[in-house]
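Structure, rendered in structure tokens:
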């Protein structure tokens, strides 16, 4: 059985979900996975329960701790040297850099999944230029780059990150929505008042949940029986709560900012409309979960979102525009037959294109091509 090390840094969000899916599914396809990541991460309890070895490294967000990053590089290099891995799959930009250097030093074949290149996000000015130059330099190292959507691949080609023949696309996936899942009680109570709009996302700058907060008064004025909820955990919790309070939403019974408790299906089961007003993305897992659960979507037209959301399943809107977001939400709330058709189309689209079994099989095909000379991914 071939052995793969799945290395990652973000402890939560779509990257952690993708790593967990691979770790739990690759065994059926002839790969023996192990995981290397930050000291704590959301998937660890389930991975430990399922017997997946976990190697905890001093990995954290940002680049303000070069000593910790150097230690992570040394420990990852030692891990590759001491465990005879056939392949390392690096997830997200920091581990993409550390892992590919370790792979070069040890002669280990590598695959890198950016999950959104750092220069595609909130970096500006010299930092964005530096991020592009670093990605271009690392792209010259041996190894393949596995993009989570076609938009990410096109961006990599435009920015000359790597030759087109080394850029592969495997769309993210997720499990089907569990049947009969009970809605989260606080959301169910809010939904009992009328149609419920909700974002289920990490509370970070990328998701631009401030835009949804700013749009909420317009939504509630136009659809008085509607409710709006933001469900998530993250560093912006207090900042978002304060923003909502400044415009009077702290006293608004039709608005809620609630913590997230997995699975996402518990939150989605209460929603009539899923909203994701991101400022940038690669291919967000939240949209796929909404598709799987048959919840129509209103989503910012960024990254690969248009590869998931179609006019049949929902609406795409310009990012960072509260008015445009509110108008799209009001339009969907005012058209119950459209939402009903979109719910059915969403479940169908997920089943046809974004199942997790497909994602794991296509990823394994890339692995096989990397470790088997002369073989091409299928």
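Numbering (this note's numbering), first residue to last: 1 to 378.
All residues carry an ideal CB built from backbone N, CA and C; glycine is no exception.
Spatial distance of residue 204 from residue 226 (CA atoms)
25 Å
Just to confirm, are residue 36 and residue 55 a CB contact at a threshold of 8 Å?
yes
Tell me which residue opens and which closes the alpha helix (DSSP H) that residue 312 is part of.
Per DSSP, residue 312 belongs to no alpha helix (DSSP H) and is neither H nor E.
Within this structure, are the beta carbons of residue 322 and residue 211 separated by less than 8 Å?
yes
For a test of the three-state rule: what should DSSP assign to residue 196, helix, strand or coil?
strand
In the DSSP assignment, find the unbroken beta strand (DSSP E) run with residue 4 in it and report its ends.
2-8
Run through the DSSP bridge pairs and tell me what residue 31 is partnered with.
2
Distance check for residue 241 and residue 109, CA to CA, integer angstroms please.
46 Å
Out of 129, 168 and 312, point me to the one whose CA is closest to residue 115's CA.
168
Could you tell me the distance, in whole angstroms, from the CA atom of residue 174 to the CA atom of residue 291?
10 Å
By alpha-carbon positions, which one of 44, 329 and 320 ends up nearest to residue 209?
320
Out of 287, 200, 16 and 268, which one is the CA nearest neighbour of residue 314?
287
Take residue 32 and list the residues in its own chain whose beta-carbon comes closer than 6 Å to its own, dropping the five residues that flank it on each side.
1 and 3
Write down the C-beta distance between residue 406 and residue 102 rounded to the nearest angstrom, noting that I regard them as a contact closer than 8 Å.
For residue 406 there is no data in the structure shown, the boundaries of the chain being 1 and 378.
Sub-8 Å separation of residue 87 and residue 370 beta-carbons:
yes
Residue 255 by DSSP, collapsed to three states: which one?
strand
Burial state of residue 165, where buried means 16 or more other Cβ atoms lie within 10 Å:
exposed
Per the contact definition of three or more C-beta pairs closer than 8 Å, is the stretch 186-201 in contact with the stretch 228-238?
yes
Grab the span of the beta strand (DSSP E) containing residue 46 for me, first residue to last.
Where residue 46 is concerned, there is no enclosing beta strand (DSSP E), although the alpha helix (DSSP H) it sits in stretches over 44-49.
Cβ contact (3+ pairs, closer than 8 Å) linking the stretch 257-271 and the stretch 110-129:
no
If we ignore side chains and look at the alpha-carbon of each, how far apart do residue 327 and residue 334 end up?
11 Å
Endpoints, alpha helix (DSSP H) assigned at residue 229:
Residue 229 -> not in any alpha helix (DSSP H); beta strand (DSSP E) instead, spanning 227-231.
Opening and closing residue of the beta strand (DSSP E) in which residue 168 lies:
167-169
Residues that residue 119 bridges to, as DSSP identifies them
Note: residue 119 sits in no beta bridge, so no partner.
Continuous beta strand (DSSP E) assignments of at least 3 residues falling wholly in the stretch 98-177
110-113, 144-147 and 167-169
Coarse secondary structure for residue 248, derived from DSSP in three states:
coil
For my contact list, residue 142 and residue 104 are in at a C-beta cut-off of 8 Å; report their separation, rounded to the angstrom.
7 Å
Shortest alpha-carbon distance to residue 309 belongs to which of 245, 158 and 284?
284
Alpha helix (DSSP H) segment containing residue 87, residue limits:
Unbroken run through residue 87 is the beta strand (DSSP E), 87-91; no alpha helix (DSSP H).
Distance check for residue 133 and residue 94, CA to CA, integer angstroms please.
14 Å
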